[in-house]
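For reference, the structure is listed below as C-alpha cells.
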Amino acid sequence: MNGHPQFAEDFELYTLGVLDGDDKAAFEAHLAVCAECRRELEGTRSRASLLGLAAVQASPRPEVREQVLDRFRVDRRAKQPLQAPTAARYRRSPWTPLWAAAAVVLLVAAAWLERENRRLEAGLAQLQATHVQLEASSRELEEESARAQAALDVLTAPETIQVELAPVAARPVPHGKAFYNASKGLLFYAADLPALAAGHTYELWLIPSEGAPIDAGLFNADLRGNGEVILPALPRGLTAKAFAVTIEPVGGVPAPTGPKVLIGPVS
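Our numbering numbers the first residue of the sequence shown as 586 and each following residue consecutively.
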C-alpha cells in the first residue's frame with residue numbers, strides 16, 4: 586500500500602481495462618504527477634502479465650463483456666468525483682472486489698488448465714511413440730515367423746532332396762548338408778570349416794543340370810567352423826545337379842574362381 590489509499594483498487598481495475606469515465610481520467614491525471622503510483626501500476630501490470638502468459642487465451646462473448654462493464658459503470662456513477670476525497674467518494678460497490686477476485690481466479694484456473702493440457706499432450710505423444718514401436722516389433726515378429734515357416738516347409742516337403750557335401754581334400758574334416766526344393770528354396774549348413782584370411786569369404790554354388798553354376802549366397806564360418814545359407818534368392822524350378830562351396834574374395838564373384846572346399850552331387 587502506497588501513500589494514496591484512495592487509489593488502492595484503481596490499479597487492478599485500470600490494468601484489467603474496466604476503469605472508465607471520470608474515475609479513469611482522474612486516475613491517469615494523478616499518475617502523471619505521482620512517481621510512486623506509477624511504480625505501483627507497473628508492479629500490478631507485471632503480475633497480470635505473468636498470469637496472462639500462463640493462461641489459455643479466451644475471448645468472452647461481446648454481450649458478457651458489456652454486461653460486466655455496465656455493472657462497473659453503474660457502480661461508479663453512484664460515487665462522488667475523485668477531486669472531492671471524502672469517505673463517500675472512495676466507497677466501492679460490493680461487487681467490485683468480487684469481480685477483481687473472480688478475474689484473478691479465472692487467470693489462475695486458466696494457467697492450471699494449460700499446464701494440464703500440456704501434460705496430457707506429452708502423455709499422448711509418448712503413447713503414440715510406444716504404439717509405433719509395438720507395430721514395428723509386431724512386423725518383425727511376423728517376418729521372422731514367416732521365414733521360419735518357409736524354412737520348415739523346405740525341410741518337411743516330401744519332394745525336398747538332401748545332399749551331403751564332402752571335402753575335396755583328402756582330410757574329410759569340413760562337411761556340409763543342403764536341403765533343396767526346386768519350388769520352395771534352399772537351406773545349407775556347414776561345419777568344421779577353417780577360418781579364412783582377411784578379404785575372403787565362402788561362396789555357395791548351385792550347379793544346375795544345364796548351364797553355368799549359380800551363386801547361392803555368401804557366408805562366413807564362426808569360431809566353431811559353422812556356417813549357413815538360409816533361403817537365398819534363387820530362380821524357381823531349377824533342377825540341381827550338385828552343390829559346391831568355394832573360397833572367393835569378399836563380396837563374391839559371378840562365377841567360381843577360388844579353390845573348392847566342399848562339393849556334393851545330387852544322387
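Ideal Cβ positions, reconstructed from N, Cα and C, are used throughout, including at glycine.
- Along the stretch 671-743, the alpha helix (DSSP H) occurs as fully enclosed runs of 4 or more residues at 680-741, listed in sequence order.
- Ranked by how close their Cα comes to the Cα of Leu791, the residues Leu772, Leu778, Leu719, Val603 have Leu772 in first place.
- Non-local beta-carbon contacts of Gly770 in its own chain, meaning distances under 6 Å to residues more than five positions away in sequence, involve Val739, Leu816 in chain order.
- As the crow flies, the alpha-carbon of Leu692 is around 26 Å from that of Leu616.
- In the DSSP annotation of this structure, Phe804 is not part of any alpha helix (DSSP H); the continuous beta strand (DSSP E) holding it starts and ends at 799-804.
- In this model, His589 and Trp680 are separated by some 22 Å (Cα to Cα).
- In the DSSP annotation of this structure, the continuous segment of the alpha helix (DSSP H) that includes Phe596 starts and ends at 595-601.
- In the structure shown, the three-state DSSP call for Ala763 is strand.
- When secondary structure is reduced to three states using DSSP, Glu621 falls in the helix class.
- With a cutoff of 8 Å on beta-carbon distance, Ile746 and Tyr774 are scored as not near each other.
- Looking from the CA of Thr831, the closest CA among Glu627, Val846, Glu728, Thr629 belongs to Val846.
- Segment contact: the stretch 818-828 against the stretch 794-801, three or more CB-CB distances shorter than 8 Å; contact assigned.
- Going by DSSP, Leu772 is part of the beta strand (DSSP E) stretching over 770-776.
- At least 8 Å separates the beta-carbon of Phe596 from that of Glu621.
- Apart from sequence neighbours up to five positions away, the residues of its chain that approach Pro820 with a beta-carbon distance below 8 Å are Ile799, ordered along the chain.
- Bounds of the beta strand (DSSP E) holding Val846 are 845-850.
- Beyond the five residues adjoining it in sequence on each side, Ala735 comes within less than 8 Å, by CB distance, of Lys769, Gly770, Leu816 in the same chain, given in chain order.
- Nearest C-alpha to Arg630 among Glu813, Leu683, Leu598, Trp684: Leu598.
- Straight-line spacing of the CA atoms in Glu833 and Gly843 works out to 5 Å.
- Sixteen is the threshold: when 16 or more other Cβ atoms of the shown chains lie within 10 Å of the Cβ of Leu604, as they do, the residue is buried.
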